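Have a look at the structure below, then the notes.
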Amino acid sequence: MLRILAAECVVYKAFNQRILYSAQRISHRSIFKASQDILFQNSPLLWPLNFGNRCTYHTEMSDHSKRWKTVYEGPIAKSVKFVKMLSLTTAATMFIVAPLTIFFGKQAAPLPLKVCLVIFLCSLGSGSTALLHWVSKPYVRKMEFNPQEKRFAVETLSLFAARKRAEFSVDDITVYPDNRAFSTFEAHGVKYFIHTELVEAQQILHFIEEWKAGYKTSLESNFQKP
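Here's what the structure looks like:
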């Protein structure tokens, strides 16, 4: 009886070892196959397979560059974006730090006063960000022109400092005759601001005025990227 039990134990141990060995081989094979797949995907042999996608992308970019020509860039576009990002960061920090500091601080103040302080600080942070957005919303970072379709495309910043692109034709533009704060012209009910002291901006405004007057001229911009 003892011999039978001992033999069963030996068989059981051998069976367990066989199972563990098989599991290890399967895991090693899966890892090796995954590494091979990664290497094969990054291999230069597959580059010709993605050649069509790259050609399509470059073709679209070249078509866009042929149809649209950059005629204006805001001289302080980077500074405006930096200040806007700084304001957003300050407002987000105010919303997070102010409640934690006031409610979990050691100052002995009643709860209504703490709530009022939190509301005041959060309103201050969000109000300054909203005011900065209202001032910088019409600022044109870049302006492009399509000579074939006689359309302009302007790039501005959204509330969260993301790029916004708007397109409109020359006939949709209304140039303000007087110098207004933070606005030079209007299109589709939206105001835009460009630096009229720049030569590029003067050429654009002159072209729009002539087009509105009935002279079918072309925009000859001398804009050059720095």
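Everything in the sequence shown is counted per our numbering, starting at 209 for the first residue and increasing by one. Beta carbons are placed, not taken as given, at the ideal position from N, Cα and C, and that holds for glycine. Predicted model, so just to flag it, every value in this text is computed and none were measured.
Just tell me which of the options has its CA closest to the CA of residue i.
i: Y384; options: F393, V378 and F376; result: F393
i: F376; options: I416, R388, A409 and N387; result: I416
i: V323; options: L308, I412, F401 and H414; result: L308
i: F290; options: L365, I402, K420 and F328; result: L365
i: L321; options: I310, E418 and F390; result: I310
i: I412; options: R388, R275 and P355; result: P355
i: K372; options: R388, S344 and I381; result: S344
i: H403; options: G397, S391, F368 and H396; result: S391
i: T298; options: L332, A389, E408 and D379; result: L332
i: K424; options: L329, G397, T382 and V378; result: V378
i: S295; options: L427, A306, F360 and A338; result: A338
i: H363; options: K277, A421, A374 and E408; result: Correcting the residue identity first, residue 363 is Glu in this sequence and not His. Checking every option, the nearest Cα to that of E363 belongs to A374.
i: R275; options: Q410, A395 and F353; result: F353
i: V288; options: W342, F312, A421 and Q410; result: W342
i: E357; options: A285, L427 and A317; result: L427
i: K420; options: S336, D380, F312 and I327; result: D380
i: K277; options: R359, G422, L340 and L329; result: R359
i: G397; options: T382, A370 and I327; result: T382
i: A306; options: S334, A361 and L325; result: L325
i: L340; options: A317, K292, F328 and L319; result: K292
Bridge partners of residue i, per DSSP?
i: I464; result: Nothing about residue 464 can be reported from this structure: the residues present for the chain run from 209 to 434 only.
i: N354; result: R359
i: Y280; result: M351
i: K372; result: T364
i: R275; result: R275 is not bridged to any residue.
i: Y423; result: According to DSSP, Y423 bridges with nothing at all.
i: F328; result: In DSSP, F328 forms no bridge with anything.
i: F401; result: Y347
How should residue i be labelled, buried or exposed, when 16 other C-beta atoms within 10 angstroms of its C-beta is the threshold for buried?
i: P347; result: In the sequence under discussion, the amino acid at residue 347 is Tyr, which differs from the Pro named in the question. The residue is buried, with at least 16 neighbouring Cβ atoms inside 10 Å.
i: T301; result: exposed
i: Y400; result: buried
i: A395; result: buried
i: L247; result: Low per-residue confidence applies at L247: pLDDT is 38, beneath 50, and the placement is therefore not dependable, though the value from the model is reported in the following sentence. When all chains shown are included, L247 counts as exposed.
i: F368; result: exposed
i: I304; result: exposed
i: K286; result: exposed
i: F312; result: exposed
i: A409; result: buried
i: G422; result: exposed
Original post:
How about the segment 333-353 and the segment 279-293: do they share at least three Cβ pairs that are nearer than 8 Å?
Top reply: With three or more CB-CB distances shorter than 8 Å, the segment 333-353 counts as touching the segment 279-293.
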